[in-house]
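In the numbering used here, the protein residues as written are 40 to 441.
Shown next, in the form of structure tokens:
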């Protein structure tokens with residue numbers, strides 16, 4: 040019996056879809072059955088007929104849920120969806136397991152297999168093709184650069200006209216991971232003078248390769264796999280104080296520092312916001328319900344300060360470029376499916392270094408040790424390999440040798 044992948048229509052405000060028609064075509068070719076909820080791709084500019092032409096079947100939501108082996112989503116589904124799911128079905132998406140442990144407990148209680156992209160061990164090379172956080176950060180970094188140019192009240196590039204010369208905008212990007220580097224590249228292509236700041240000195244080469252100026256402070260915090268580690272309170276205060284000078288020298292500040300499952304680090308203090316010149320623009324890519332990188336930022340809103348600066352809560356940038364974001368997200372989903380598909384059946388090896396961490400729940404248990412730590416559960420130990428039984432004749436031979 041073929042594995043059935045169902046794609047649901049996301050809640051209002053989320054424009055992406057979990058599978059693109061191109062990936063659907065590849066899955067169907069590999070003997071998957073794909074069900075698409077009616078209208079699931081509309082906000083990504085993928086009409087139902089395009090999915091049908093790719094080999095999918097367009098159905099209503101109830102049938103998509105009922106017939107699914109795996110349900111692929113962007114964001115965490117609502118309770119009504121989970122209530123309709125059956126034990127043994129799988130769910131894959133950005134499920135917010137580190138911040139919504141009650142949701143995780145509900146999935147475990149229903150014996151739903153949940154694969155949460157936030158739990159993926161990103162430093163393992165095999166996991167690179169599954170890395171939704173990186174693929175969506177790339178889209179977000181590009182889009183936030185464009186949005187910054189659109190919101191800023193002046194030119195980004197230097198402009199020489201008969202009426203005079205306009206100076207180029209000075210853009211500072213805080214955090215030079217995937218999103219930050221895309222933001223730097225976009226702002227640079229738009230003609231701005233760009234600087235990139237990071238607490239990892241090793242990122243200098245990447246920033247300078249894009250033609251930007253690299254900035255850092257006396258705080259250095261390179262963690263596992265080249266990612267930034269969490270700063271101590273003293274280091275955070277020192278970083279904020281040193282950043283104030285950099286911020287004051289720039290017209291546009293784009294912040295990109297995010298930590299899955301945790302409050303984003305505060306990079307731009309209230310003091311920096313209060314002292315910002317009129318017309319200064321802050322684009323906060325980390326703005327969320329957990330907080331943001333900029334004091335006073337609100338997700339999805341633009342806040343104008345008393346001194347005339349603007350703070351844009353730009354936490355949904357990937358959703359604002361839905362077709363490209365969905366294309367890459369779908370390839371990440373496909374990579375996971377390929378990894379757990381063995382001869383036409385889904386096999387979840389809970390002791391595998393990638394799958395075992397990607398799994399939030401399986402067969403009623405909390406699997407990922409990272410998630411178990413957040414939920415204050417004991418670490419799950421890999422199963423001990425079974426020792427092969429010694430054949431009876433070998434035992435007799437051994438006794439004879441004595």
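Think of the CB as a built atom: it goes at the ideal place given N, C-alpha and C, for glycine as much as any other residue.
DSSP three-state assignment for residue 238, whether helix, strand or coil: Coil.
N-terminal and C-terminal residue of the alpha helix (DSSP H) that residue 354 is part of: Premise fails: residue 354 is in no alpha helix (DSSP H) and is neither H nor E.
Backbone CA spacing between residue 211 and residue 164 [nearest angstrom]: If you take the alpha carbons of residue 211 and residue 164, they lie about 31 Å apart.
Buried or exposed (CB count within 10 angstroms, at least 16 for buried), residue 157: Residue 157 is buried by the Cβ-count criterion.
Beta-bridge partners of residue 72, as assigned by DSSP: Residue 72 pairs with 43.
The stretch 100–112 touching the stretch 46–58, judged by at least three CB pairs closer than 8 Å: With the cut-off at 8 Å, the stretch 100–112 and the stretch 46–58 touch.
Three CB pairs or more closer than 8 Å across the stretch 87–97 and the stretch 119–130: No, because fewer than three Cβ pairs between the stretch 87–97 and the stretch 119–130 fall closer than 8 Å, the two stretches do not touch.
DSSP-derived helix/strand/coil call for residue 264: Unreliable placement is indicated for residue 264, whose pLDDT of 49 sits below 50; the coordinate value is still reported in the next sentence. Residue 264: helix per DSSP, three-state reduction.
Residue 194 (DSSP reduced to helix, strand or coil): Coil, per DSSP.
Same chain, Cβ closer than 8 Å to residue 128, neighbours up to 5 away in sequence not counted: Only 107, 108, 109, 110, 151 and 152 meet the Cβ criterion.
Contact set for residue 243: own chain, Cβ-Cβ below 6 Å, skip 5 residues either direction: Listed in chain order, the non-local C-beta contacts of residue 243 below 6 Å within the same chain comprise 253, local neighbours out to five positions each way being set aside.
Chain-order list of residues whose beta-carbon lies under 6 Å from that of residue 367 (same chain, five-residue window excluded): Excluding residues within five positions, the ones whose Cβ falls inside 6 Å are 174.
Local Cβ density within 10 Å of residue 265, reported as buried at 16 or more and exposed below that: Per-residue confidence for residue 265 stands at a pLDDT of 47, beneath the threshold of 50, marking its modelled position as unreliable; the derived number appears in the next sentence. Flag for residue 265 reads exposed.
Alpha carbon of residue 294 to alpha carbon of residue 336, nearest angstrom: Here the alpha carbon of residue 294 sits roughly 11 Å from the alpha carbon of residue 336.
Which listed residue (279, 49, 246 and 189) has its alpha carbon closest to that of residue 257: In this structure, 279 is the residue among 279, 49, 246 and 189 with its C-alpha nearest to the C-alpha of residue 257.
Inter-residue Cα distance where the pair is residue 147 and residue 393: For residue 147 and residue 393, the distance between alpha carbons rounds to 20 Å.
Assumed close pair residue 72, residue 99 - CB separation to whole angstroms, cut-off 8 Å: Actually they do not touch by this definition, with Cβ atoms about 16 Å apart.
Outcome for residue 385 when other beta-carbon atoms lying within 10 angstroms are tallied against a minimum of 16: With fewer than 16 other Cβ atoms within 10 Å, it is exposed.
Residue 347 vs residue 308 beta-carbon contact at 7 Å: Not in contact: residue 347 and residue 308 (Cβ atoms no closer than 7 Å).
Buried versus exposed call for residue 40 [16 or more other C-beta atoms within 10 Å across all chains shown]: When all chains shown are included, residue 40 counts as exposed.
C-beta contact flag for residue 390 and residue 421 at 7 Å: At a Cβ-Cβ threshold of 7 Å, residue 390 and residue 421 count as neighbours.
Test item: CB-CB of residue 356 and residue 182 under 7 Å: It is a contact, given that the beta carbons lie within the stated cut-off.
Terminal residues of the beta strand (DSSP E) in which residue 138 lies: Looking at the DSSP string, residue 138 is not in any beta strand (DSSP E), and its letter there is neither H nor E.
Sequence-distant residues of the same chain with beta carbon closer than 6 Å to residue 222, five excluded per side: Leaving aside the five residues that flank residue 222 on each side, the residues in its chain whose CB is nearer than 6 Å to its CB run, in chain order, 180, 183, 184, 212 and 293.
Extent of the continuous alpha helix (DSSP H) run through residue 321: Note, residue 321: premise wrong, no alpha helix (DSSP H); beta strand (DSSP E) at 320–323.
Cut-off 7 Å between Cβ atoms - residues of its own chain near residue 299, not counting five sequence neighbours on either side: Sequence-distant Cβ neighbours of residue 299 in its own chain, meaning closer than 7 Å and more than five residues away, are 137, 157 and 172.
Start and end residues, alpha helix (DSSP H) containing residue 90: Here the alpha helix (DSSP H) through residue 90 covers 87–93.
Closest Cα partner of residue 64 within the set 89, 228, 178 and 219: Residue 64 has its Cα closest to that of 89, out of 89, 228, 178 and 219.
Local Cβ density within 10 Å of residue 271, reported as buried at 16 or more and exposed below that: Taking every protein chain shown into account, the CB of residue 271 has fewer than 16 other CB atoms within 10 angstroms, so this residue is exposed.
Residue span of the alpha helix (DSSP H) that contains residue 225, given as start and end: Run containing residue 225: 217–228, per the alpha helix (DSSP H) assignment.
Exposure of residue 42, with buried meaning 16 or more beta-carbon neighbours within 10 Å: Residue 42 is classed as buried because its beta carbon has at least 16 other beta carbons within 10 Å across all chains shown.
Own chain residues within Cβ distance below 6 Å of residue 441, not counting five before or after: Note on residue 441: pLDDT 49, under 50, position unreliable in the model; no value is reported.
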